[in-house]
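Participant: Submitted below is the structure of interest, expressed as structure tokens.
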Amino acid sequence: EMIYVARRLYPLLKGSKKVLDLGCGNGLIAVLLQKMLGIELYAIDDWNKVPKEELMRNIQIDNAKITLGDFNSSFGLPYPDSSFDAVYSVMFLWNLRKEMRRKISSEVNRVLKDGGKFIIVDTFVIRSKIKRELEGLFKLEWYGEENAFSFFIWSRR
Numbered sequence: 016e017m018i019y020v021a022r023r024l025y026p027l028l029k030g031s032k033k034v035l036d037l038g039c040g041n042g043l044i045a046v047l048l049q050k051m052l053g054i055e056l057y058a059i060d061d062w063n064k065v066p067k068e069e070l071m072r073n074i075q076i077d078n079a080k081i082t083l084g085d086f087n088s089s090f091g092l093p094y095p096d097s098s099f100d101a102v103y104s105v106m107f108l109w110n111l112r113k114e115m116r117r118k119i120s121s122e123v124n125r126v127l128k129d130g131g132k133f134i135i136v137d138t139f140v141i142r143s144k145i146k147r148e149l150e151g152l153f154k155l156e157w158y159g160e161e162n163a164f165s166f167f168i169w170s171r172r
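Per this note's numbering: the sequence shown = residues 16 to 172.
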């Protein structure tokens, strides 16, 4: 499953130089993408819920170059404005309450460069929620469904 998602993300991220994996979990997708694309990759998650050590081990095993970040106390992203060419999130947003999805989306909008992409891979279950909640902040560039996943590509307005 992770290899499938990484392969689907690969062409969408090609050409990006600096990318953020939002809600990276064990980091296997981040490791695969960093190795395939050779990009400057950052990864962040709620380390109170996900063991950071597992990601660190996966980074070390594959000698990937990934910079880890920590959410601040209000779930903000610790990066300057307009830092990233792309941000992607795989199976992360469905875990959050509506107000947290909005907060995170606003933060993603802040850290994306003009024209930057926010790529979301998540379950079919929340596809309409994601669409409604992000339409005001981002422009929907593409939507598709494959293998029980919803794929969104949003661009910063």
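A virtual CB, placed ideally from N, CA and C, is assigned to each residue, including glycine.
Nothing here was measured: the structure is a model prediction, and the numbers come from that model.
For Ser-104, report the span of its beta strand (DSSP E) as first-last.
Facilitator: 99-105 is the span of the beta strand (DSSP E), which, as asked, contains Ser-104.
Participant: What are the boundary residues of the alpha helix (DSSP H) that Arg-125 is part of?
Facilitator: Residues 113-126.
Participant: Buried or exposed: which applies to Trp-157, given that a residue is buried once 16 or more other Cβ atoms fall within 10 Å of its Cβ?
Facilitator: The residue in question, Trp-157, is exposed, as its Cβ has fewer than 16 Cβ neighbours within 10 Å.
Participant: For Lys-33, which beta-bridge partners are listed by DSSP?
Facilitator: Bridge partners of Lys-33: Glu-55.
Participant: Can you check whether the CB of Arg-172 is closer than 8 Å to the CB of Gly-131?
Facilitator: No, the Cβ-Cβ distance between Gly-131 and Arg-172 is not below 8 Å.
Participant: Compute the distance between the beta-carbons of Val-105 and Val-20, then report whether it is under 8 Å.
Facilitator: Cβ atoms of Val-105 and Val-20: closer than 8 Å.
Participant: Taking only three categories from DSSP, how would you classify Gly-22?
Facilitator: One point to set straight first is that residue 22 is Arg, not Gly, in the sequence displayed. In this structure, Arg-22 counts as helix in the three-state DSSP scheme.
Participant: Decide if Gln-49 is buried, meaning its Cβ has at least 16 other Cβ atoms within 10 Å, or exposed.
Facilitator: Per the 10 Å Cβ criterion, buried.
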